[in-house]
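Protein chains in written order, with our numbering: chain A, 4 to 323; chain B, 4 to 323. Here a beta-carbon is modelled for each residue, glycine too, at the ideal position from N, C-alpha and C. Predicted, not measured: the structure shown is a model, and the values here were computed from it. Right, one structure below, let's go through it.
Number of protein chains: 2
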Amino acid sequence: MSYRIGMDVGGTNVVIGLFGADGKLLRRSKTRTVKTSSHELLRQLADLCKEIIDAEQVPEQLLSAVGIGLPGFIAKETGLVNAANLPFTDIPVAERLRELLGVPVTVENDVKMIVYGESLRGAGQGYSHILGVTLGTGMASAWVTEGRLHGGAGGLAGEIGHVAYSDIPYMCGCGMKGCLETVVSASGIVRQARDGLEAGWVGLLADRFPPAKREELTSRDVWQAYREGDAFAGQVFQKTAYWLSRVLIPSVALLSPDVMIIGGGVAAAGAVFFEPLRKYVSESLHPLYRERLLIVPPSLGDDSGLYGSAEYAAKQLAAQ
Amino acid sequence: MSYRIGMDVGGTNVVIGLFGADGKLLRRSKTRTVKTSSHELLRQLADLCKEIIDAEQVPEQLLSAVGIGLPGFIAKETGLVNAANLPFTDIPVAERLRELLGVPVTVENDVKMIVYGESLRGAGQGYSHILGVTLGTGMASAWVTEGRLHGGAGGLAGEIGHVAYSDIPYMCGCGMKGCLETVVSASGIVRQARDGLEAGWVGLLADRFPPAKREELTSRDVWQAYREGDAFAGQVFQKTAYWLSRVLIPSVALLSPDVMIIGGGVAAAGAVFFEPLRKYVSESLHPLYRERLLIVPPSLGDDSGLYGSAEYAAKQLAAQ
């Protein structure tokens, strides 16, 4: 019996899970991310691994692999990690952790690990072709086909948040104008709501967020206002669904996914987001695709990335 | 030494090629397609196979596989073929030909076989991730990643010609309004040129095609007029490139192809089409993709589909 660990290392929290060889999640925990230096963060990750196997009384030699998902770019050839919200700039994270832990370590982009986890154990289970999109601070996609996670040239596949549309008026942090991510993301929801309030929306959101308080507005507030009946707040989610449909429609025709899994904070809004999304995607697609269209939320909650990174590490190990 | 045959069966011609085990094209020929009945077309295809191996004095027992590409839909489970421009309605083409020839036969969509051929022996050679698009009577794509031809759910991947855009005003044969194929195709070029002439364009095209002759206009005439200096004709190709870029841009971000191969009659127009296409795709993409963007014409000419179908048949045989 061998064990593996999956970790989702975010800018705020590290979530870690210990899995049995059968893929069952045995234990999980969540800790604030140490961001003082790359050295200290690596130390924290190694300590968390040791703690979780100790807590389950798993002998160290039975730990076979550790998988990590993090919000950054991992250079395919060198393994160097760059992550804007973590203290990693050109750090060979997998190599360093392997030294600290004495077991094989894989490091991949967090969105890829979330979608990979969902494809194997979540909403994608039983399907062959899975397109996943996460809408959080940013927006990105991952594609899993017949069990293989697609990387693409340079490992760059999935940056759909940086597709620019001429009728999106906002500047993106990447330097381009009109990136999808500027509207289809948590910050995009806020941006749309603030713009609406500036333009004179009335209702719950307007009452709660007068100009002086508008800086505090979050995407959760927009959702809360919608739930309490604010029509303008509902429109923000519909508009966001419309923008997302723009990139999903060609994706369906290009790849014919069995299922599209849309996750992250924005997608948690539920029907107010998914219903218009299904409608918009459906009405611009050939009937062949329309009939089998399946757009669903993830089913593993916050644990998708744990499952994904643990399974990915185990698979990489098996392939060696 | 074993041999294989590749065939590209179109609504007008059947092109057939005999290949050595090393993948070298030994002989090719082109014949008008027999369209009187499925039975007679199958008979023709079998006869063409026999003729080409006889002509090269290859003993029948050394023919190992026959691959066919045709403009139609091949049901994955049943192998039934439906092709609007061929006398095939629910015909198990592979099975019938296997009976006639006594060797394994594969049948796939012609665009997939063209792109597969280009990926292995043409403009995609040496690359891992290849997106191919053909612009002929219609418009479709195929995706080859690490040597695998992607089929997608129901084998339906690649119908990018039927992605609808609200600002494309034309009705498509499929019943939808605004399909990309209504503008990005040979008939789309003609449609745009006719509309322009109706709207009062002056110049070579207008002189050559007064209202009474407009029904005779072909995409080749538009190209010819462009070559001779007709600015409006040039605009048609630029506009077509713009429309095509709309679906290529999200495709790049989604998949990160090493190379995009754009073929078919329209793409044969060359720089007047490829230069604006590269510009439009580039300017809406994140710099990460922009730097490595490679959009090229095919390099095997009319033989892409022969190479593709012969190699595909050989690969399917090897996998059994």
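In this structure, DSSP gives I8 (chain A) an extended state, which the three-state scheme calls strand. In the structure shown, F277 (chain B) falls within a helical segment according to DSSP collapsed to helix, strand and coil. Around V166 (chain A), the beta-carbon contacts reaching into chain B at under 9 Å are I252, P253, V255, A256, L257, S287, L288 and H289. If you draw a straight line from the Cα of D261 (chain B) to the Cα of I252 (chain A), it is about 22 Å long. For R31 (chain A), the closest of A:S41, A:V269, A:T39 and A:V18 by C-alpha to C-alpha distance is A:V18. Across the set A:V250, A:E219 and A:L207, the C-alpha of A:L207 shows the shortest separation from the C-alpha of A236 (chain A).
By a beta-carbon distance limit of 8 Å, I265 (chain B) does not contact L89 (chain B). Their separation comes to about 25 Å. In the three-state scheme derived from DSSP, where H, G and I count as helix and E and B as strand, D25 (chain B) is classed as coil. For I117 (chain A), the secondary structure class from DSSP, reduced to helix, strand or coil, is helix. Put simply, the backbone Cα of E278 (chain A) is about 23 Å away from that of Y168 (chain A). In the DSSP assignment, M179 (chain A) is bridged to no other residue. The stretch 155-174 of chain A and the stretch 281-295 of chain B touch, with no fewer than 3 CB-CB distances between them shorter than 8 Å. Fewer than three pairs of CB atoms, one per stretch, sit closer than 8 Å, so the stretch 89-103 of chain B makes no contact with the stretch 306-321 of chain A. Distance between A256 (chain B) and L183 (chain A), taken at the CA atoms: about 11 Å.
Under the DSSP definition of a beta bridge, G135 (chain B) partners with B:A145 and B:I264. Of the candidates A:V147, A:R230 and A:F276, the residue whose Cα lies closest to the Cα of L247 (chain A) is A:F276. S40 (chain A) is outside the set of residues whose beta carbon lies under 8 Å from a beta carbon in chain B.
Residue contact with chain B for L152 (chain A): absent (no Cβ-Cβ distance below 8 Å to any residue of chain B).
The bridge partners DSSP lists for N16 (chain A) are A:R35.
The contact set of C177 (chain B) on chain A, defined by CB atoms closer than 7 Å, consists of H289 in chain order.
Any Cβ of chain B closer than 8 Å to the Cβ of W146 (chain A) would place that residue at the interface, and such an atom is present. Your pair L220 (chain B) and A196 (chain B) checks out as a contact, with CB atoms roughly 6 Å apart and the cut at 8 Å. Put simply, the stretch 36-45 of chain A does not touch the stretch 61-81 of chain A. Fewer than three CB pairs are less than 8 Å apart.
Closer than 9 Å at the C-beta level to chain B, one finds these residues of the stretch 259-281 of chain A: S259, P260, D261 and V262. Interface residue (Cβ-Cβ distance to chain A less than 8 Å): I163 (chain B) is classified as such. Between V187 (chain A) and S222 (chain A), the gap from beta carbon to beta carbon reaches 8 Å or more. Think of a sphere of 7 Å around the beta carbon of L159 (chain B): the chain A residues whose beta carbon falls inside it are S259, L291 and Y292, in chain order.
By the neighbour-count definition (other C-beta atoms within 10 Å, threshold 16), A87 (chain B) is an exposed residue. Residue A:F240 holds the alpha-carbon nearest to the alpha-carbon of Y283 (chain A) among A:F240, A:S259 and A:S302. Taking a C-beta distance under 8 Å as the contact criterion, G308 (chain B) and D113 (chain B) qualify as a contact pair. Counting other Cβ atoms within 10 Å of its Cβ, A24 (chain A) stays below 16 and is therefore classed as exposed. Around the beta-carbon of V61 (chain B), 16 or more other beta-carbon atoms lie within 10 Å, marking it buried. Taking L100 (chain A) as the centre and dropping the five residues before and after it, the same chain places the C-beta of L45, L48, A49, V69 and V108 closer than 7 Å to its C-beta, in chain order.
A Cβ of chain A is located within less than 8 Å of the beta carbon of A156 (chain B).
Listed along the chain, the chain A residues whose CB falls inside 9 Å of the CB of R295 (chain B) are A156, G157 and L159.
Per DSSP, D57 (chain A) is one residue of the alpha helix (DSSP H) stretching across S41 to A58.
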